[in-house]
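Each remark here refers to the structure printed beneath this line.
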Ligand code: NA
Ligand code: NA
Ligand code: NA
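Chains as they are written, first to last, in our numbering: chain C, 2 to 434; chain G, 2 to 434; chain E, 2 to 434; chain W, 2 to 82; chain U, 2 to 82; chain X, 2 to 82.
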């Protein structure tokens, strides 16, 4: 009888909180968008499912041993944890936060106490620590993306790098917006959080996750969800902005055929880029270093088996764990906050401003240089590879059925990847250093 | 000369114990069964080879740094370890056990002492810690199995879930048998150990390993070997029981053609199952969660590259490490015990009772409902996917050459996987909580 | 303004040292050799790129948290580290070395201090710890190589094992050379370092890295680079030696057709080899154990999916991390030393002596036994699979266009792999025990 | 643990365990049947329609030749193959 | 942090950030253009020559039938496929 | 370490090392030859018989069309492909 009762009291139904219920619906919505509406399913399926797992009451899959110990709140364990992290309170709610604020050594001590008391890390917590806490997963994804990227169009027309630069204005404008909202008292974002939110405007999932894991891990769930959702929405977000800022004549501009790029150029480019990073912005080295490494493996042509693995088995394995790990951050007390609404709002603003800046930059370039640039490719500078380039192409064809902009738009598109990684490096340098 | 002597005294020949020799023969037997007799070779080849490695004298591949330090028994190191784990003896035999009994922190302290003294973890010990100690390997195998499982036949005929439920009686009857043997003084199993042994009757390798790693890691080697051996023997174990419990007429029963199952049902099923787990039995969430995740990746059809990786590269990599890690538990002092014989005996009883329960449940269902159920598919409820379903089919054809039971038997077959995962969750809740 | 200054003072250009600049050029040279000259690109591309990353000023990608803390040298952090490792100095240069010399516990304490002060492990340092510090990466590469190796030619003519034995003389002669140079005061190698350098003569990358990681991690970068560079140079190094030691008649010797080898022999061979290792040299068990495991997976024919993964996805993933990790050791203060020149010189001597010993052993065998052995296959005993066997074949064809030596040379070639793994085991036993 | 306690623990575990397994799977039968009924009512015929969402199916699709031009690998990755 | 400080931090970050992004990418344009010009002067026509280094291309190559005889897997690994 | 010690260590290592390598590989020659002789006596002709155990070869095999019906993936996994 006692056991029956314990089974019932340990069941999810008995323990389900309103927050968890809400989060479960949100995760089901994410799965719906991913599976039925094809919203970046590679990430949103694992993220959504990870979110479901993280919100199973009492399972504690997203909690560390110490967090579980605090959740179950046996007085003697609470006391031991309080002693281990050298605080005076044994209130569970207070300890929940304090255990993370006393530095890594104190946290390790609390973990040891909890493990001695029989608690273990939840599965998703372990995934998160290994995949994101160590920053390794986004870096490996970036390596794989590098191995899939063709810099040919960029090398044929390096000026499109300016479009990739301009589109990063979305990032920094959003940072300003976020601190502005905090200054006005609407939200309560720190500068670090504002920076992590801004990077959503970079339209690059792994970059967003990498920056958020370093500067604002508490917002990582919302930032990743916003980032991938808006990337999926690029075909809806960008066209109105592109139309508003261009005249029909501009949209019909035909661009000169891209020159052929030699193999040697393609091999040397990732090395040049890395050296430039090394000289100017060491803080972007992990991100751009792995990106260049992946690209060099591809372009060198002598390590095809490594390049294939980086593009397939390895990136797929990492994507599974990255997604589940991000999902572990979709727990009610972290996600169901006003901040998440702010992040969603700021994220779409960031996309919009980035798109606009790219288009306007293309118009400026048209004023300054003689080779014509169709401003529709400017919007591809936000990255969201290759969706944004495809959008440019589609709009171009609408106004001039012989004007294939796809390859032209791939230049700013990959430039946008570099641009937001550089922006990420600046922010880490500025705020994390 | 001195070095020659040390080489000789460090050689395996000089140090070979009778136990290790016996274990080497047992492991060779496992390899023989796997390679020549095709007994679940995917697991038994790595397990057998891991067992060989683990029994190499003096190599200590299956030992932690602390265990190696205790094995080599330098007095000052023993004293330091004794102090680190706060016990009064420096007797190596005693320390060997005590070092594991003083909790994780004490063990970590002993490890630090041993590492400072120059000892390192053996290769297989490291594999075990990462793969099984963390419970990650069986969970990833389960994810891969989920991505390979087709719930179509189950969805077409959900009542076959009852067969999967009934077959779990083998598990619980065996638990009772194990505690009975202990009560009679024949064996000395704790309830936790009895539960881990019972799960052999679930005929599901990863579930067995997962439960054993949580409830009775000291028996993991024997349990895994029994589990996979008996799964390979299903075509020998089941038919006599199936014949004994059915009449020729029953065996000839033809079942109605299964209806087509829509894609949407297949996509929603793993999510429904997960939510039911979340509501009723959070302790089964890691196991069934990963299973459902794998299945959702497969059925959603939008993340084929992740699903392919989960079914191939990832599950293969994990299988290699899981097998070697299980092999690390095939060391003489843990395996060559009366308990192992008990486990082997109980394991086959579990399979037998499970088979019988499934068949009998099908006969009961035939009494209660009007749609006919061939009782031969009941035995497939033990899982052992897809071997048990194939056995049902083969016996069916013997008595009625037009009666193809395979697809009908796949329903209870996959239901058995869910059933034993639920049983595992109950035991973890009941005994581990 | 302050921030601009900090950006500039944190840039690579401002902080670039001469050593780092030199190392960057060396790494570019390695990439050039790998990509353009096809020098073992599978390893040298990741090693070279890892070296570039490791030498980015201020990025500290190859440094642990403690090393970074010492590099940035905040007085209070230095004091805390000094206290943690129980030394009296706070001089950064001194601490840099002391932190590694006080044993693992002290190092862990220093790491904890550094992490509490906000420093984290560099990316490449983490890769190195997981891949090489744990010795797992070279072992997995060896498993994959085992799964790719065909022992057929060796089993058809087991006497070629003597050639593989003889060629290991290069290893031990080089050890003697290295200690000789130290005795003469030209270099300053310890016996452990000499042993690790000698293994270069084994012409086996993973064996070299494994031994170096155990006996002389501080030389690992130079040893790995020498090992792979000389393996790529085998077609230039070996022919002159082979010509000098053989007469034209000897080079024309035709060898008897190899007999067919049965599947059963191939399956039993890796098990026999492992048992011999277990009986005689437990210290070679990890290396040869994983090699035999890979080969058994391949030859058993019942676990093809595991064998395929070991030969493809898994070995590729491991190669990427192994290469980057080795690259992390190409930092100026460790690589730009006289010792590196000594290692390069000794390495080529080792290759040369090994080649000569193999050829001479073949000539001796020709004196002793009646079945003729073409001495050109003796050089293949150094391993460098399959390059050295190809060189034997090419030289043989030059002198007798009907004399195909390739399969005959594969015997000593794979024997050389076993031989140098045994040599590695002896050294680890002798020096590490 | 006394042998009688051990036995009673075993019996308890058996009763609770089997009971729970049956309750759980019975509920699963109910949920599944209900789900199937609902889905089949809503989705109705064409079960193959949901079956294969066009591999790319991004709103921008349609101009297939162009897409073929695109960096094949990135494309492959994004489209979830 | 005071709200005015917060705003000024944000403005600083925006100015430095966008400035740096432009400086960096401008330099990259310069480096890339220079690199392309140099490479194309040096390497000249046949861009496909460098493209596909013969799969083995070890100095020992040439006797292709023989190589075909070789243990296929080891070969495949070493040749970087 | 004194240079004379160092040298003598080096000589020791060389002697022991080469000696052991030869002893080990000589034993391996013996073991291998004995193993091959035994195996070839026992297994006799048909070397290809052992070569390819039927891919499934589970006692239940035989009705191949049926097996083809089975969930392809699970089957593939279990049969060790
Ligand atoms: Na971007
Ligand atoms: Na089961
Ligand atoms: Na060798």
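Even glycine gets a Cβ: it sits at the ideal position worked out from N, Cα and C.
Own chain, CB closer than 8 Å to residue i, minus 5 neighbours either side, in chain order
i	result
residue 36 (chain E)	42 and 46
residue 284 (chain C)	426, 427, 429, 430, 433 and 434
residue 188 (chain C)	179, 182, 339, 340 and 343
residue 373 (chain C)	254, 255, 256, 257 and 367
Chain C contact residues for residue i, given Cβ-Cβ distances below 8 Å
i	result
residue 39 (chain E)	303
Cutoff 7 Å; reference residue i; Cβ partners in own chain excluding five residues on either side
i	result
residue 49 (chain U)	Residue placement at residue 49 (chain U) is flagged as unreliable, the pLDDT there being 45, under the threshold of 50; the coordinate-derived value follows with that caveat. Counting only Cβ-Cβ distances below 7 Å, and skipping sequence neighbours, we find nothing.
residue 400 (chain E)	249, 252 and 253
residue 222 (chain E)	327, 330, 331, 335 and 336
residue 41 (chain W)	none
residue 260 (chain G)	157
Own chain, CB closer than 6 Å to residue i, minus 5 neighbours either side, in chain order
i	result
residue 69 (chain C)	61 and 120
residue 409 (chain E)	256 and 378
residue 297 (chain C)	271
residue 13 (chain W)	none
residue 83 (chain E)	91
7 Å Cβ cut-off: residues of chain E touching residue i
i	result
residue 268 (chain C)	36
residue 124 (chain G)	140 and 287
Where residue i meets chain U, residues with beta-carbon distance less than 9 Å
i	result
residue 408 (chain C)	Near residue 408 (chain C) there are no residues of chain U at all, since even the closest Cβ is about 17 Å away, more than 9 Å.
Interface partners of residue i on chain E, CB under 8 Å
i	result
residue 46 (chain G)	297, 298, 301, 303, 304 and 307
Contact belief for residue i with residue j at Cβ below 8 Å, rounded distance in angstroms
i	j	result
residue 103 (chain G)	residue 66 (chain G)	Wrong, their Cβ atoms sit about 16 Å apart, outside the cutoff.
residue 166 (chain E)	residue 420 (chain E)	5 Å
residue 93 (chain G)	residue 79 (chain G)	7 Å
residue 51 (chain G)	residue 324 (chain G)	6 Å
residue 26 (chain C)	residue 144 (chain C)	Not quite, the Cβ-Cβ distance comes to about 36 Å (not below 8 Å), so this is no contact.
residue 210 (chain G)	residue 316 (chain G)	With a Cβ gap of about 14 Å, residue 210 (chain G) and residue 316 (chain G) do not count as contacting.
residue 380 (chain E)	residue 393 (chain E)	6 Å
Cross-chain neighbours of residue i in chain D, by beta carbon under 9 Å
i	result
residue 424 (chain G)	Any reference to chain D falls outside this structure, whose protein chains are C, G, E, W, U and X.
Listed by chain order, chain W residues near residue i by CB distance under 7 Å
i	result
residue 431 (chain G)	14 and 17
Proximal residues of chain U, C-beta to C-beta of residue i below 8 Å
i	result
residue 196 (chain C)	14
Contacts of residue i in chain E (Cβ-Cβ under 9 Å)
i	result
residue 218 (chain C)	Under the 9 Å cutoff, chain E gives no residues; its nearest Cβ is about 13 Å from residue 218 (chain C).
Partners in chain C for residue i, counting only beta-carbon separations shorter than 9 Å
i	result
residue 322 (chain G)	Simply none; closest approach about 14 Å.
7 Å Cβ cut-off: residues of chain X touching residue i
i	result
residue 274 (chain E)	29
Chain-ordered neighbours of residue i on chain C, where CB pairs are closer than 7 Å
i	result
residue 294 (chain G)	50
query = Which residues, taken in chain order from the stretch 156-169 of chain G, show a beta carbon closer than 7 Å to some beta carbon of chain W?
reply = Cβ proximity to chain W below 7 Å picks out 156, 159, 160, 162, 163, 165, 166 and 169 from the stretch 156-169 of chain G.
query = In the stretch 106-121 of chain G, which residues sit with their C-beta less than 9 Å from some C-beta in chain C, listed in chain order?
reply = Legend: CB atoms of the stretch 106-121 of chain G lying less than 9 Å from CB atoms of chain C belong to residues 106, 107 and 109.
query = Name the residues in the stretch 51-75 of chain G whose C-beta lies less than 7 Å from a C-beta of chain E; which are they?
reply = Listed by position along the chain: 53, 54, 57, 58, 59, 60 and 62.
message = For the stretch 352-373 of chain G, list every residue whose C-beta sits within 8 Å of some C-beta in chain W, in sequence order.
response = Of all residues in the stretch 352-373 of chain G, none is placed with a Cβ closer than 8 Å to any Cβ belonging to chain W.
Positions along the stretch 168-191 of chain E whose CB lies within less than 8 Å of some CB in chain X = Per Cβ criterion, the list reads 169, 170, 172, 173, 174, 176, 177, 179, 180, 181, 183, 184, 185, 186 and 191.
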